[in-house]
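**Student:** Start counting at 1 in the sequence shown, then tack on 3, and there's your number in the numbering used here.
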Amino acid sequence: MRYIATTLLLLFLSICHGQETFQRVIDADYATIGNVERDASGNLYSSSLSFYAQGVGSGIQMVKYDASGTPLWNRFLSSPTDFGVFTDHMVVNSTNEVIVTGTVNATGSNPDSAYVAKLNSNGDLAWALRFGADLAGFDGAEGFRLTLASNGDVLVGGIFTFANTQQDIFLARITTTGTVLWTKRIVAPVASTTNRLGGMVEAADGGIIVFGLTTLNTEGSWLLKLDTDGAYQWCRKYNTNTLQALIRPLAAVPTASGYDLFYNTFFSSSNEKLYRISTTATGTVVGSLTYDYGAYTGQVIGVTPITGGYAMAGIVDSETGTGGDAVLFTTNAAGAVQWAMQYGSNGGESFRSVVPTSGGGYLAGGFGERDSLVEFRGGIPTQSYLVMTDGNGLTGRCERVANVNSSAITFTDAPYLQVVSDVAGWSIQPLVSGSTFSMEEVCTAVGVEARNAVRFSLFPNPTQDRITITGLDNAAWQHQVVDASCRVVLAHASSGDRLELDLRTLSPGVYVLHSTSAGARAVHRLVVER
4 MRYIATTLLL LFLSICHGQE TFQRVIDADY ATIGNVERDA SGNLYSSSLS FYAQGVGSGI
64 QMVKYDASGT PLWNRFLSSP TDFGVFTDHM VVNSTNEVIV TGTVNATGSN PDSAYVAKLN
124 SNGDLAWALR FGADLAGFDG AEGFRLTLAS NGDVLVGGIF TFANTQQDIF LARITTTGTV
184 LWTKRIVAPV ASTTNRLGGM VEAADGGIIV FGLTTLNTEG SWLLKLDTDG AYQWCRKYNT
244 NTLQALIRPL AAVPTASGYD LFYNTFFSSS NEKLYRISTT ATGTVVGSLT YDYGAYTGQV
304 IGVTPITGGY AMAGIVDSET GTGGDAVLFT TNAAGAVQWA MQYGSNGGES FRSVVPTSGG
364 GYLAGGFGER DSLVEFRGGI PTQSYLVMTD GNGLTGRCER VANVNSSAIT FTDAPYLQVV
424 SDVAGWSIQP LVSGSTFSME EVCTAVGVEA RNAVRFSLFP NPTQDRITIT GLDNAAWQHQ
484 VVDASCRVVL AHASSGDRLE LDLRTLSPGV YVLHSTSAGA RAVHRLVVER
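Structure below.
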């Protein structure tokens, strides 16, 4: 009978965890994943800023994986004439070509440049361009965001800085073969201030929506509409400056009726938050939400639309007070939080990007402390941290339930103006494509059979209303009760030797109690009867 029960439990788990899950680091002397992406075939991609001390230097680590996370190819892009190449954003087009943007860190006193590069579907470099504005006082440029037009053109945006610290936004339209069609400079209506770019999306009529922020306290964030040739159409401003916090625009996402605009706060004296403003197609506010981590501080860094809602990736302070944990949560279209999980060790981990997988789970990327994740002893430097979860955010490794709260907030909008003009400054960017790659599993789970050698005691089981769990060894555990449709229906944390769970809200049936702690997992069958 026990053999049959164990077999049924393993079958239940295999159904609930039908897709591949893992936690990995990509080895380098220092690295962090800036972006993860997925193509139409289900293949996955990561782009990292990586540094290798032994003769390789700083560059971009580009990796393509199949849907299960097996590497297909990797490329290390570096510049033979510059100090380093950094990555901020990546997109994959309909023919599985990869476009990446970021910053070329120049040598000596030369100003940094923005760049955009394309790799074909085999990972070979097709072309690369760099941008340094041909303007008096120019002091450097950074590439921030990419989006693809419906005809395949690449839209790349970023900022450029002047010697007087003024920052303006640039936006360029480039063909798939690398021909620059036009480049625009977007300047705030107040002189010598800073514009920040959150993102760009193509409008339904083929025009371009630009999401940004003017940092002066008298201004605010804004949504700007350009036509297909980059000509000014309209602009709406939002009173986000009234927050009395330093906020940053993250992403603009098209919806059925307009746009969802996302912001985070950073270096704030209060708890950092995520803000979401929903607008009509012409930028009028229709509703707003804010998210926080309760008693802990944290930050959302990546926002990705998913079917029926959004996935959010970032960092939250660890409950232990040391380092931070990578965090991942999802919301429905109305903004209600569906589930929230945090990942990592006693060191510092963070996610910067997340994408849904073809198997119904999620791939998230950022950075983590390799020594802490592998040996649970802490240590730097950080390395690229890649995590694939199931549809509920579970991997069975170094994870626990996170606390994310949402509430309504009010913002208003008004007509605004950004000054748009032409600018030049593109040239060929020399890049060298090489290959250096190593990846290892971290937070390796202790399997069902191995963990069950030190089984918890569950009594009574079956139960009608409550169950007592003993044998927890005074360790910090996160417990989740999962139903037959693989939904998490109950979650609880424990730190003592025993825990009593109230199951009165559960319907009669068979469940799985899934418990995780640092480097360990326990799975038990749980039956509720009435």
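Ideal placement from N, C-alpha and C gives every residue a C-beta, glycine not left out.
These numbers were taken from a predicted model, which means no experiment stands behind them.
By a C-beta neighbour count over all protein chains shown, 10 Å radius and 16 as the cutoff for buried, is L529 buried or exposed?
**Tutor:** By the 10 Å Cβ count, L529 comes out buried.
**Student:** Whole-angstrom Cβ separation of S3 and V103, contact assumed at under 8 Å?
**Tutor:** Given a span of 4 to 533 for the chain in the structure shown, any question on residue 3 remains unanswerable.
**Student:** Assign L376 to one of three DSSP states: helix, strand, or coil.
**Tutor:** The answer is helix: DSSP assigns L376 an H, G or I state.
**Student:** Among the candidates G105, N408, R188, whose CA atom is the shortest distance from the CA of V423?
**Tutor:** Checking every option, the nearest Cα to that of V423 belongs to R188.
**Student:** Can you name the start and end residues of the beta strand (DSSP E) that A314 belongs to?
**Tutor:** Where A314 is concerned, the enclosing beta strand (DSSP E) stretches over 312–320.
**Student:** Compare the C-alpha of T466 against each of S430, Q169, P511, S498 and name the closest.
**Tutor:** Nearest C-alpha to T466: P511.
**Student:** DSSP on G381, reduced to helix/strand/coil?
**Tutor:** Model confidence at G381 stands at a pLDDT of 48, short of 50, so the residue's coordinates are unreliable; what they give is reported in the following sentence. If DSSP states are grouped into helix, strand and coil, G381 belongs with coil.
**Student:** Mapping DSSP to helix, strand and coil, what is L246?
**Tutor:** It is helical.
**Student:** Who are D171's beta bridge partners in DSSP?
**Tutor:** According to DSSP, D171 bridges with F163.
**Student:** Whole angstroms are fine: how far does the CA of V492 sit from the CA of T508?
**Tutor:** Distance between the alpha carbons of T508 and V492: 9 Å.
**Student:** For T398, is the classification buried or exposed, using 16 other Cβ atoms within 10 angstroms of its Cβ as the cut-off for buried?
**Tutor:** Buried is the call here.
**Student:** Short of 6 Å in beta carbon distance, which residues of its chain neighbour G223, apart from the five on each side in sequence? Order them along the chain.
**Tutor:** Closer than 6 Å at the Cβ level, and outside the excluded window around G223, lie K240, Y241, N242, T243, N244.
**Student:** May I have a chain-ordered list of the beta strand (DSSP E) segments no shorter than 3 residues that lie completely inside the segment 386–440?
**Tutor:** Qualifying beta strand (DSSP E) stretches, in chain order: 402–404, 408–411, 416–418, 422–425, 429–431, 435–437.
**Student:** On the DSSP bridge list, what partners appear for V103?
**Tutor:** Bridge partners of V103: M93, A120.
**Student:** Within 10 Å of its beta-carbon, does V289 have 16 or more other beta-carbons around it, so buried, or fewer, so exposed?
**Tutor:** Under this definition V289 is an exposed residue.
**Student:** Counting only the same chain and skipping the five closest in sequence on each side, list residues whose C-beta sits under 6 Å from that of G369.
**Tutor:** Contacts found: I36, A329, S353, F354, R355, Y388.
**Student:** Classify V193: buried if its beta carbon has 16 or more other beta carbons within 10 angstroms, exposed otherwise.
**Tutor:** V193 is exposed by the Cβ-count criterion.
**Student:** Excluding the five sequence neighbours on either side, which residues of its own chain have a C-beta within less than 6 Å of the C-beta of D505, listed in chain order?
**Tutor:** For D505, where only same-chain residues beyond five positions count, the Cβ hits under 6 Å are R469.
**Student:** What's the C-alpha gap between V190 and L174?
**Tutor:** Cα-Cα distance, rounded: 11 Å.
**Student:** Tell me the rounded alpha-carbon separation between L149 and D476.
**Tutor:** Looking at the two C-alpha atoms, the distance is approximately 50 Å.
**Student:** Measuring CB atoms only, is the segment 400–419 touching the segment 281–296, in the sense that at least three cross pairs come out at less than 8 Å?
**Tutor:** Cβ pair count under 8 Å is three or more, so yes.
**Student:** Buried or exposed: where does T310 fall if 16 or more other Cβ atoms within 10 Å of its Cβ makes it buried?
**Tutor:** Its Cβ having fewer than 16 others within 10 Å, T310 is exposed.
**Student:** Tell me whether L149, by its Cβ, gets closer than 7 Å to a heavy atom of the ligand NAD.
**Tutor:** For the ligand NAD, the structure offers nothing, since it holds no ligand at all.
**Student:** Quick check: the Cα distance between Q483 and G499, rounded to an integer number of angstroms?
**Tutor:** Taking the straight line joining both Cα atoms gives about 17 Å.
**Student:** My guess is that G45 and G62 are in contact by the Cβ rule of under 8 Å, so how many angstroms apart are they, rounded?
**Tutor:** Wrong, their Cβ atoms sit about 27 Å apart, outside the cutoff.
**Student:** According to the neighbour-count rule (16 or more other Cβ atoms, all chains shown, within 10 Å of its Cβ), is G155 buried or exposed?
**Tutor:** Answer is exposed; the Cβ neighbour count stays below 16.
**Student:** Can you tell me where the beta strand (DSSP E) with C446 in it begins and where it stops?
**Tutor:** Neither: C446 is in no beta strand (DSSP E) and is coded neither H nor E.
**Student:** Return the CA-CA distance between S53 and V531, expressed in angstroms with no decimal places.
**Tutor:** Their Cα atoms are separated by approximately 50 Å.
**Student:** By the DSSP assignment, the beta strand (DSSP E) with P308 in it spans what residues?
**Tutor:** That run of the beta strand (DSSP E) goes 301–309.
**Student:** State buried or exposed for S460, treating a residue as buried only when at least 16 other CB atoms are found within 10 Å of its CB.
**Tutor:** So S460 ends up on the exposed side.
**Student:** Can you have a look at I280 and say buried or exposed, based on whether 16 or more other CB atoms are within 10 angstroms of its CB?
**Tutor:** Counting Cβ neighbours within 10 Å, I280 comes out buried, since at least 16 surround it.
**Student:** In the DSSP assignment, find the unbroken beta strand (DSSP E) run with S498 in it and report its ends.
**Tutor:** Unbroken run through S498: none, as it is neither H nor E.
**Student:** Pick helix, strand or coil for D476, following the three-state DSSP scheme.
**Tutor:** Coil, per DSSP.
**Student:** If you draw a straight line from the alpha carbon of G201 to that of G437, how long is it in whole angstroms?
**Tutor:** If I take the Cα positions, the gap works out to 32 Å.
**Student:** Could you check which residue in T186, E443, N198, T106 has the C-alpha nearest to that of T231?
**Tutor:** For the residues T186, E443, N198, T106, the minimum Cα distance to T231 belongs to T186.
**Student:** Where do the N-terminal and C-terminal ends of the beta strand (DSSP E) with T196 fall, by residue?
**Tutor:** That residue, T196, is in no beta strand (DSSP E); it is neither H nor E in DSSP.
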